[in-house]
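**Student:**
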Amino acid sequence: MRNPEDAFLSGLSKKLAQEKLYAKTEEILRENQPLNPENFRDLYGDENVNKDTARVRKLEEGFREGVSTESEQGRKLAKALEVIIAQQIELSNWMGSDVITITPSLFDDFINGVDLITEFQDKGEGRASHMALAIDVTSGGDLTKKIERIKGEIRNGDLARVKYFESEFLNIRGELKNIPRVVVGIDTHTMESLGELWLANDTKALAGHEVQRALLEEIRAELKAFAAYARHAERLAGPERHERSKKAAEVYERALQVVEEILEEKKSIALETMANDSVFRSIMRELEFLQKGY
0 MRNPEDAFLS GLSKKLAQEK LYAKTEEILR ENQPLNPENF RDLYGDENVN
50 KDTARVRKLE EGFREGVSTE SEQGRKLAKA LEVIIAQQIE LSNWMGSDVI
100 TITPSLFDDF INGVDLITEF QDKGEGRASH MALAIDVTSG GDLTKKIERI
150 KGEIRNGDLA RVKYFESEFL NIRGELKNIP RVVVGIDTHT MESLGELWLA
200 NDTKALAGHE VQRALLEEIR AELKAFAAYA RHAERLAGPE RHERSKKAAE
250 VYERALQVVE EILEEKKSIA LETMANDSVF RSIMRELEFL QKGY
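Here numbering that gives the first Met the number 0 is used: position 261 in the sequence shown is 260, and no number is missing along the way.
#1: Which residues mark the beginning and the end of the beta strand (DSSP E) in which Glu121 is found?
#2: Measure the beta-carbon distance from Leu42 to Phe164 and round it to whole angstroms, keeping in mind my assumption that it falls under 8 angstroms.
#3: Look up His129 in the DSSP assignment and give the residues it is bridged to.
#4: How about Glu252 and Arg219: do their beta carbons lie closer than 9 angstroms?
#5: Could you tell me which of Glu30, Leu28, Asp51, Glu26 sits nearest to Glu37, measuring between CA atoms?
#6: Quick check on Asp51: does DSSP put it in helix, strand or coil?
#7: Could you say which of Glu239, Glu118, Glu25, Phe106 lies nearest to Leu169 if we only look at CA atoms?
#8: Only counting the same chain, and skipping five residues up and downstream in sequence, which positions put a Cβ closer than 8 angstroms to that of Asp5?
#9: So, helix, strand or coil for Glu271, using DSSP?
#10: Is DSSP giving Thr189 helix, strand or coil here?
#11: Straight-line CA distance for Leu90 to Ala247?
#12: Would DSSP call Asp5 helix, strand or coil?
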């Protein structure tokens, strides 16, 4: 058993590491700003953009007033994971080659629940597909709510969207609709060890890290489950929703095909400690419940 002094020093070391993690996260976020609604005034008009930015400010103020210390720590860890994922997708091909990340506006983060957009580019065909990521470093209630949100979108045939979107590759800007949404995450223990490698700039360890395989396994399992759920909703839907449910299923099935091809490239990366990650296991358990429910 550790004596009180050892426990104190261990806790202090952990706190200092977290502060370094948060500081590096903020530094990168300052350098890589999210999409800014101010740049879309010509498209949406001043009144519309002003209304959206005012809504975001109000939500930010309410969030700061009501957040607990534990919730704030979870938010910071999730933001750090978001930055690491975005960086490693582009630097280490965590989701394959020709994939870029786009950080949505705060409006689309708060209102539409999108933390990160991945753009899978097909340069030969001059086209791209997209995926909306919601990122968690928790398990339990928050995860269940996010999956329930996706189920609701599928039932309504109204998938994820971002209002403020811009892609240089596709030369498009404005609203992006019908995006397949998935939840990805790891627990705090995994996040701490991943954060250590990131702070140490250990590019080799990050490039081959099993977290990338785990995230892709989470995504594949969700795309498969949500595609099946959409087909189930299609069978039960009335005439007015039948076509929308069918399109939702097709969107998830196309995304599944893309991710399965990427996972084929990553099969040499073994899932070792990640198999016991509590968030990874929670996601898989939620999907089992989903598939047993119909």
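The C-beta atom is built at its ideal place from N, Cα and C for all residues, glycine as well.
**Tutor:** Let me lay it out:
#1: First, the residue type needs correcting, since residue 121 is Asp and not Glu in the sequence shown. Taken as a continuous stretch (DSSP letters only), the beta strand (DSSP E) holding Asp121 covers 115-121.
#2: Leu42 to Phe164, Cβ: 11 angstroms. No contact.
#3: Answer is Glu118, bridged to His129.
#4: For Glu252 and Arg219, no; Cβs fall outside 9 angstroms.
#5: Of Glu30, Leu28, Asp51, Glu26, the residue nearest in Cα terms is Asp51.
#6: Assigned with DSSP and collapsed to three states, Asp51 falls in helix.
#7: Comparing alpha-carbon positions, the option among Glu239, Glu118, Glu25, Phe106 lying closest to Leu169 turns out to be Glu118.
#8: Note that Asp5 scores 45 on pLDDT, short of 50, meaning its location in the model is unreliable; the coordinates nonetheless yield the value given after this. Cβ neighbours of Asp5 within its own chain (closer than 8 angstroms, five residues either side excluded): none.
#9: In this structure, DSSP gives Glu271 a state outside helix and strand, which the three-state scheme calls coil.
#10: Helix, per DSSP.
#11: Rounded to the nearest angstrom, the gap between the Cα atoms of Leu90 and Ala247 is 31 angstroms.
#12: Confidence is the limiting factor: at Asp5 the pLDDT is only 45, short of 50, which leaves the residue's position unreliable, though a coordinate-based value still follows. For Asp5, the three-state secondary structure derived from DSSP is helix.
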